[in-house]
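What follows is a single structure, written as structure tokens, with notes after it.
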Amino acid sequence: AESASVNTDIVTLTRFLTEEQTKHKEATGDFTLLCHALQFSFKAISYYIRRATLVNLTGLAGQSNATGDDQKKLDVIGNDLFIAAMKSSGKCALLVSEEEEEVIYFKDQSGARYAVACDPIDGSSNLDAGVSVGTIFGIHKLEEGSTGTKEDILKPGTELLAAGFTMYGASAQLVITMRGGSVDGFTLDNSFGEFILTHPDMKIPKKRAIYSVNEGNSHYWEDGTKDYFNALKLPQENGKPYSARYIGSMVADAYRTLLYGGIFAYPADKKSPKGKLRILYECAPMAMVFENAGGQALDSKMNRMLEVVPEHIHDRSGIFMGSYDEVEKVKGFHK
Ligand code: AHM
Ligand code: MG
């Protein structure tokens, strides 16, 4: 019968989180509530991105953000939506956003036990061209007894409780992982208004001949980095060189790399010795996703990305992340 081909046992993000929660006896449900607020902000951001050209939301807002980038109108809206969602969840004690110079404290939230870092709309320089952008997030739990201070967020990625990102592409894709857990991918079904589990237990292929890097910076790269990328352009064992794919939007480049395999890099270089991407809300959450999917992520000194401890909330790092074997190759050239 026709109905036999329709899935009537759909796993929504809400159901998935509820089922996860029941696996942990000590769980209070607070994390689940925080995630409900998170997913609402993703839906709202997705909605405004899709409407942007029609309702005059393209272009600059006329100000710069904490790290000196020109803010787009949608950067401001995405940031405001995210802050409102975190505040109203009642579970978020403090928030670091790429768009805010200082930590935002929600002091009136007694019982809020989480610290969140986010880039509300990463890759926003691509927005007006309709290219995929995304939201990246990392969630820490407050130390026992802490009332919520900067120290609760200035932690290495190894201590992240959960992390992930949403890509606003042809469809909105949410990827989430918890400490020591699987990586699970959800697709926003616009008619249901729900994220549906479409990619359970994602694993990154062990290798793939695709590299993703802004080669316009190659003049400034360290020798090891130059040699590594040059080697990928030579015919490999199968007689073919690697393919290059660079969107210039980390979430989109990372999502492709997660699904197809390969390497994504934004190395530190002589012009930007600390790299470009930010540790708390770009590098560490992505590194957690990649490791939990069976890949690896390193900084430019070949340290495990998840062990890098930021001193300041907007600190940057070089990053190499991708398939296990591809990252091994990176190490070989950076000895
Ligand atoms: P943003 O947070 O200001 O959007 O910058 C981060 C973006 C990443 O999405 C992307 O990987 C990188 O910057 C691209 O930088 P470049 O244009 O230098 O290649
Ligand atoms: Mg960003």
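Reminder that position 216 of the sequence shown reads as 228 in full-length UniProt numbering, one-by-one numbering, no gaps. Ideal Cβ placement from N, Cα and C applies to all residues, glycine included. Note that the structure is a prediction, hence the values are computed from the model and not measured.
Q) Hey, out of GLU113, GLY142, GLY102 and VAL18, whose CA is closest to SER76's CA? A) GLU113
Q: Kindly indicate which residue of SER58, TYR254 and THR44 has the alpha-carbon position closest to the one of THR30.
A: THR44
Q.
Assuming PHE198 is part of the beta strand (DSSP E), what are its boundary residues?
A. 195–201
Q: Out of GLN308, GLN83 and PHE345, point me to the one whose CA is closest to GLY74's CA.
A: GLN83
**Q.** Distance between beta carbons of PRO217 and TYR272, contact taken as under 8 angstroms
**A.** 7 angstroms
Q | For review: beta carbons within less than 6 angstroms of any heavy atom in the ligand MG | A | GLU110, ASP131, ASP134 and GLU294
Q) For HIS211, which option in GLY160, LEU106, GLU110 and PHE28 has the closest C-alpha, if you only look at C-alpha atoms? A) PHE28
(Q) Quick check: the segment 266–281 against the segment 325–336, are at least 3 beta-carbon pairs closer than 8 angstroms? (A) yes
Q: Answer with buried or exposed for ALA182, where buried requires no fewer than 16 other C-beta atoms within 10 angstroms of its C-beta.
A: exposed
Q: May I ask you to report which of helix, strand or coil DSSP gives HIS211?
A: strand
Q) Say the cut is 7 angstroms; is the CB of MET262 nearer than that to a heavy atom of the ligand AHM? A) yes
Q. According to DSSP, is PRO168 helix, strand or coil?
A. coil
Q | Residue of LYS167, LEU289, ASP213 and PHE207 minimising C-alpha distance to THR189 | A | ASP213
Q: Spatial neighbours of PRO247 within its chain, please: CB distance less than 6 angstroms, with the 5 preceding and 5 following residues excluded, ordered by chain position.
A: PRO253
Q: Put TYR338 into one of helix, strand or coil per three-state DSSP.
A: The sequence as given places Glu at residue 338; Tyr does not occur at that position. Three-state result, GLU338: helix.
Q: Could you tell me whether the Cβ atoms of LEU86 and GLY160 are closer together than 8 angstroms?
A: no
Q: Assign ARG125 to one of three DSSP states: helix, strand, or coil.
A: coil
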